[in-house]
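Counting with the working numbering, you get residues 1 to 298 for the letters of the sequence shown.
Here the structure comes first, spelled out in structure tokens, and everything after it is commentary.
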Amino acid sequence: MIKVRRIGHATFETPDLDKQIDYYTHVNGLALIAREKSRAFLATKTGQLVVQLERADKPSCAKISFEVAPNEDFADMARRLTAVGIKSEVRSDAIPGLPKVLSFKDPKGTTLELYSEWSFPGRDYPVDGVGPLKLGHIAFQVPDPQAITKFYCDVLGFRVSDWIQDFFSFLRCGPDHHSVNFIRGKIVRMHHIAFECKDMSHLQSACDVLGRKKIAIIWGPGRHGAGHNVFIYHRDTDDQIVEFYTELDRMTDEELGYFDPRPWHVDRPQRPKVWDPAAAGLVWGPPMTPDFIRGRDM
Ligand SMILES: [Fe+2]
């Protein structure tokens, strides 16, 4: 089994590269570290690549990169993918800080790029806007969340942190409660991308940034049950849902198998479980707005 350790960066296709660069640099708070004719690369203020933009006809999350253990052998990973019927190739696409990736498509058609070697393409960038700490997770809508969850666990080494009934899974590849999640829907598409803020005060500043820019908060602030993150959601210039969050549950010891004890946990200790939708969605906060639910086709 391949053991994915950490989410790296997301690649978005966009019909309007300039508008997306403007959103990511002046609202989201990332730094533009490289710009080509039809591609752009954005890093956090600490200098870690988290978003790649590529010009295309319509918006989509086309690729996600993941870090694997430093000793993972590319030929061996390729063999393990071949054994489950997946063709992969080693690519060097001149991505800042990422010299070599093993590229393949997951069963829902998203390109995954695995890497073991990387470097910070820069450091200590001054940023405008929110300025998140890192890329936290990416949620996808898929027709069969069970099947894709099984693939991510069996082939890529993810673990199930929680389910909401049988329609929404949360998977971890490191201490964070989830780095990917899958919600049932008729067509495959990204549901939302989430960036981590430092604390509640940072999240409050994020609300102020969105307010100043006249960008609606389409759900939140509130605290989820599953994962217990405090969240706000808005839509970017391509109508993609973007979450800022803080205080996500963490499992620091896999053998112990529970999330770090927190005052807001109902179960002591809090272990992975199947949630009832009402409790999983909100511990506190306002209900989802129609603009958050828009486009969902469960
Ligand atoms: Fe999320």
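Just so it is clear, CB atoms sit at the ideal spot from N, CA and C, and this is done for glycine as well.
| query | result |
| --- | --- |
| Same chain, Cβ closer than 7 Å to Gln165, neighbours up to 5 away in sequence not counted | Val274, Pro277 |
| Through-space distance from Arg35 to Glu117, alpha-carbon basis | 22 Å |
| Which listed residue (Val4, Ile218, Lys108, Leu49) has its alpha carbon closest to that of Tyr24 | Leu49 |
| Residue range of the unbroken alpha helix (DSSP H) whose run includes Met200 | 200-212 |
| Counterpart residues of Met190 in DSSP-defined beta bridges | Phe140 |
| Neighbourhood of Trp284 by C-beta, 7 Å cutoff - its chain only, sequence neighbours within 5 removed | Gly222, Arg223 |
| His9, DSSP secondary structure in three states | strand |
| Val4 (DSSP reduced to helix, strand or coil) | strand |
| Separation of Leu171 from Cys153, as counted between CA atoms | 8 Å |
| CA-to-CA distance, Val180 to Met251, given in whole angstroms | 15 Å |
| Three-state class that DSSP yields for Leu156 in the structure shown | coil |
| Beta-bridge pairing of Leu53 - partner residues as DSSP gives them | Phe12, Ala40 |
| Continuous alpha helix (DSSP H) stretch holding Leu81: start and end | 74-83 |
| Of the residues His137, Gly136, Trp163, the one placed nearest Thr149, counting alpha carbons only | Trp163 |
| Classification of Thr11 by the beta-carbon crowding that lies within 10 angstroms, buried from 16 upward | buried |
| Cutoff 6 Å; reference Asp239; Cβ partners in own chain excluding five residues on either side | none |
| Where Lys134 falls: helix, strand or coil (DSSP) | strand |
| Between the CA atoms of Pro15 and Pro70 - distance to the nearest angstrom | 36 Å |
| Helix, strand or coil at Ile215 [DSSP, three-state] | coil |
| Through-space distance from Gly47 to Pro272, alpha-carbon basis | 33 Å |
| Nearest-angstrom Cα separation, counted from Leu114 out to Leu42 | 19 Å |
| Close-in-space but distant-in-sequence residues of the same chain around Val90 (CB under 7 Å, 5 per side omitted) | Phe74, Lys100, Leu102 |
| Segment contact, 8 Å Cβ cut-off, at least three pairs: the segment 186-200 with the segment 226-245 | yes |
| Distance cut-off 6 Å: Ala147 Cβ against heavy atoms of ligand 1 | no |
| Straight-line Cα distance separating Asn229 from Pro305 | Past the boundaries of the shown model lies residue 305; the chain is included only from 1 to 298, so the question cannot be answered. |
| Spatial distance of Cys61 from Ile7 (CA atoms) | 14 Å |
| Under the three-state DSSP convention, the category Gln270 falls into | strand |
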